[in-house]
Amino acid sequence: MASSRVWSSVLMLALGVSMVASAQAQTLGGIGVTVGTNLQRREGRDQGLKLESITYADCIAGGADPAQWDYLEVPLTYSQSQGRKLQVWAGTDARCADDADRAIAGEGICWQVFTGDPVRELRLPVRRLLPGAGDATTPAICETAQQDQLTLFFMLVRGTSSDDTTVAQLEMDYDLIGPSAPTGVAVNAGEERLTLKWSSSDDESDRYEVFCEEALAPGTGGSGGSPTSTGGTAGTDSGGTAGTDGGGTAGASDGGTAATAGASGGNEAGGGAGTDSGAGADSQAAAGTSGGGTSGGTAGSTASGGSGGRSNNACGAATLRPGQRPPAALRRGRTSGGPGQGSTGSATGLKNFVRYACGVAALDESSNVGPLSELRCETPIEVTDYFEAYRRAGGTAGGGYCSFGQQPSGSWSLLGVAGLALAARRIRRGRSL
Amino acid sequence: MAQRRRSRRALAALRAADLPRLCIPLLAGIALVASTGLAQAQGVDEFGAYGGDSRDADSPQDMAFEVRFGRYVPDADRGLSGTPFRDIFGDKNRYFGGIELDWQALRIPFLGTFGPGFGIGYTKTGAAAPRADGEGRSGQTTSLEIVPMYVVAVLRADYLARETVIPLVPYAKLGVGLAFWRVNDADETARADDGVVGRGISYGPQFALGGMLLLDFLEPEQARTTDATLGLNHSYVFGEWYVSRLDGFGADDKLDVGTNTWMLGLAFEL
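As given, the protein sequences belong to chains A and B, one line each in that order. Each residue of the first sequence is one higher than the last, beginning at 2 in my numbering. Each residue of the second sequence is one higher than the last, beginning at -6 in my numbering.
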């Protein structure tokens, strides 16, 4: 009896406590969800960036590996979440908070980014928050999203309705676009480095990065003329010489490789037969016009002119493309610069006597890399700095600040000793007085 | 009265110097400015300086501070088989900025002050490094940075400026100079072919001869107020012939980054 009395007391107490707690929750927040302030983002993210922002680097982080993605981790607290689901909507309009208005606003304005059981810590891939992402979690969205603000709406729903709940909001912004490409790029050769100069008129430019890659071979010759029955006349400039009777010989000018018997000639890389663009003119190169089909030779009666090659002035690379976002793996230097300021920088760690194609891209304050400038090619060479020149002229100084070498010359030594002796004598005399 | 007597004495001294006639009006003007300025402050209040003879009222003077600027082309080709400095950096003028602090430890009667001084400055010269194949210049810079320092004994003959209307202070400095230098290859310290790093210390004798023009006569009242409030006794502009030979006292393993040049600057006595 006594034990049953104890148990009933405990149960009554527990019931009383739970009733008080329930009343407090209802009083404080009604039905709904509250967003905590302790947001979390991926490790290694720039500490200077707002937690409520999304940059291009955030978007592409991790590539296709979900474990490496950038997640927005949001602490959530609920009141009366029993029997309800958590829904998170993103949008650019306040109407996204309301079921009916959301339907009217349409998909482009509001998009759902989560639905599921209420959790205390919600992890949302930032990629999913971007407009147009849908269920896609591939990095492709990072290339299409631009720059805007958005709001995340957190709500508890029963069935499909959230009308009787409090909706929490989290303001965010995204900017995945870098500044426009620098212009007027010039390059100069140094030792195992190239020095670049450029200008930029984009006020968003905060700093710059230099990208380099081994250049494609310059001056690759054009292709030969197509076979003819009567033989073509010779091509001009860098174009191929026209075909001869029964089959043209390929053009081999400007360093191009010869093709034979009417086959298309060397392509831009001097490799296989005219495969790069079908006419030896790379899509991004100025080359090809000088030796292209138009100037590649006036063919014979039925001959066609040779296809073009890459001229000596052309500068191209296998991966780097002007106007496109450069891959981080090809970054060879960084520098600072002010808004709208011209600047200089160096690409380092290059090999002497290897020809490189280099370009510059600007970064904004969010570290978004802009499109690459036009490419410029140059070859690092050996240089003679002043210290090398000094040593070659017989100088032996150097070796560091702690390096003390030979003794002073005899005359100065004598002078020094005389000075010391004089000083000592004066001191002695002073003491004797 | 004492001031008037002093001014008359000064004018008499000028006549005795038998200066050309054209200079007399100018000097008379200076004397007038000086004599006007002499009947001046002994204290300062919210309206400025007031009372008495300023020269008797100077605050204690123990130090001199200089801000200096000048041409600085080091004698770095001295003792070499070629002229690498001139070949790379050219013949253009290079400039130096620095400061100097002197302790005017002794006042020598009828002459001036004497004491040790320490100076430090900075200069840098740079150019595009030549290509090793001899075909012009590369896009890479090479530069020589020098931080010259010196300890000198300084004699400033300020008796004339203090006791007459001639606002000139000749001076001489003699001592030892020392300079840290570094050669940069682009943005790194250069290394020779054998791996020796391109930086070091050079030292050697140094002297300077110069003259300072006392500026107090331009704004005598302001000068006295500054002295009374800040303890700044006098201000000068100066020019000097500056010679340093930082070759390790004749050692041949020092890069002589000394120079033979002129310097200009402002000096303040405190």
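By construction, the Cβ of each residue, glycine as well, lies at the ideal position given by its N, Cα and C atoms.
For this session: Return the residues of the region 375 to 405 of chain A that lie within a Cβ-Cβ distance of less than 7 Å from chain B, sorted by chain order.
Result: Along the region 375 to 405 of chain A, going in chain order, the ones with a CB nearer than 7 Å to a CB of chain B are Ile382, Glu383, Val384, Thr385, Asp386, Tyr387, Phe388, Glu389, Ala390, Tyr391, Arg392, Ala394, Gly395, Gly396, Thr397, Ala398, Gly399, Gly400, Gly401, Tyr402 and Ser404.
Problem set entry | Coil, strand or helix - Gln83/A by DSSP | Look at Gln83/A here: in three-state DSSP terms it is coil, with no helix or strand label.
Exercise. Near Phe78/B, which residues of its chain fall below 6 Å by C-beta distance, leaving aside the five closest residues on each side in sequence?
Worked result: Excluding five sequence positions before and after Phe78/B, the CB atoms of its chain that fall closer than 6 Å to its own CB belong to Ala69 and Asp70, given in chain order.
Exercise. Asn158/A to Ala62/A, Cα distance in whole Å?
Worked result: The question names Asn, yet the displayed sequence has Val at residue 158/A. Roughly 32 Å separates the two Cα atoms.
Problem set entry | Exposed unless 16 or more other CB atoms sit within 10 angstroms - verdict on Ala329/A | Burial call: exposed.
For this session: For Ser54/A, name the three-state secondary structure that DSSP assigns.
Result: Look at Ser54/A here: in three-state DSSP terms it is strand.
Exercise. Considering only the beta carbon of each residue, do Leu77/A and Val120/A sit closer than 9 Å?
Worked result: Going by C-beta atoms, Leu77/A is nearer than 9 Å to Val120/A.
For this session: Sort Val36/A, Asp94/A and Gly360/A by Cα distance to Arg332/A and report the nearest one.
Result: Selected option, being the one with the closest Cα: Gly360/A.
Exercise. Can you find a CB in chain A that lies within less than 9 Å of the CB of Asn177/B?
Worked result: At least one CB of chain A lies nearer than 9 Å to the CB of Asn177/B.
For this session: Return no unless some Cβ of chain A is closer than 9 Å to the Cβ of Lys247/B.
Result: True, the Cβ-Cβ gap to chain A drops below 9 Å.
Exercise. Counting contacts by CB-CB distance shorter than 9 Å, is Gly193/B in contact with chain A?
Worked result: Chain A contact via Cβ: present.
For this session: Can you say whether Phe82/B is buried or exposed, counting buried as having 16 or more other CB atoms within 10 angstroms of its CB?
Result: So Phe82/B counts as buried.
Exercise. Should Val162/B be counted as a contact of the ligand NAP given a C-beta to heavy atom distance under 8 Å?
Worked result: Although the ligand NAP was asked about, the structure shown includes no ligands whatsoever.
Problem set entry | Run of the alpha helix (DSSP H) containing Val127/A, from where it starts to where it stops | Residues Val127 to Leu130.
Problem set entry | Beta bridge counterpart(s) of Glu138/B as assigned by DSSP | According to DSSP, which records beta bridges pairwise, Glu138/B is partnered with Lys117/B and Arg175/B.
Exercise. Just checking my contact of Asp94/A with Ile105/A at CB under 8 Å: how many whole Å lie between their CB atoms?
Worked result: At roughly 10 Å, the Cβ-Cβ gap does not stay under 8 Å, so Asp94/A and Ile105/A are not in contact.
Exercise. For the putative contact between Arg128/A and Ile142/A, defined by C-beta atoms under 8 Å, what is the C-beta separation to the nearest angstrom?
Worked result: Contact between Arg128/A and Ile142/A holds, with the beta-carbon distance rounding to 6 Å and staying under 8 Å.
Exercise. Between Gly411/A and chain B, is there a C-beta pair that is closer than 9 Å?
Worked result: Bear in mind that the predicted position of Gly411/A carries a pLDDT of just 45, short of 50, making it too unreliable to give a figure here.
For this session: On the DSSP bridge assignment, give the partners of Phe154/A in chain order.
Result: DSSP output for Phe154/A lists Trp90/A and Gln170/A as bridge partner(s).
Problem set entry | Buried or exposed (CB count within 10 angstroms, at least 16 for buried), Leu211/B | That one is exposed.
Exercise. Based on the DSSP secondary-structure assignment, which residues constitute the bridge partners of Gln97/B?
Worked result: Gln97/B pairs with nothing; no bridge assigned.
Exercise. Can a CB atom of chain B be found closer than 9 Å to the CB of Ser435/A?
Worked result: Look at the range of chain A in this structure, 2 to 434, and you will see that residue 435/A is not part of it.
For this session: Below 9 Å between beta carbons is the criterion; list the residues of the region 139 to 154 of chain A that meet it against any residue of chain B, in chain order.
Result: Using a CB distance below 9 Å, no part of the region 139 to 154 of chain A faces chain B.
For this session: State buried or exposed for Ile382/A, treating a residue as buried only when at least 16 other CB atoms are found within 10 Å of its CB.
Result: It is buried - the Cβ of Ile382/A has at least 16 other Cβ atoms within 10 Å.
Exercise. Would you call Asp220/B buried or exposed, if buried means 16 or more other Cβ atoms sit within 10 Å of its Cβ?
Worked result: Looking at its Cβ environment, which holds 16 or more other Cβ atoms inside 10 Å, Asp220/B is buried.
For this session: Note down, in chain order, all residues in the region 61 to 75 of chain B with a beta-carbon under 9 Å from any beta-carbon belonging to chain A.
Result: Listed in chain order, the positions of the region 61 to 75 of chain B with a beta carbon within less than 9 Å of a beta carbon of chain A are Ala69, Asp70, Gly72, Leu73, Ser74 and Gly75.
Exercise. Do you know whose CA, among Arg46/A, Met173/A, Ile32/A and Ala358/A, lies nearest Val211/A's CA?
Worked result: Ranking the options by Cα distance to Val211/A, first place goes to Ala358/A.
Problem set entry | Contacting residues, own chain, Cβ-Cβ under 8 Å from Ser195/B (five flanking each side not counted) | Leaving aside the five residues that flank Ser195/B on each side, the residues in its chain whose CB is nearer than 8 Å to its CB run, in chain order, Leu171, Ala172, Trp174, Leu239, Asp240, Gly241, Lys247, Leu248, Asp249, Val250 and Gly251.
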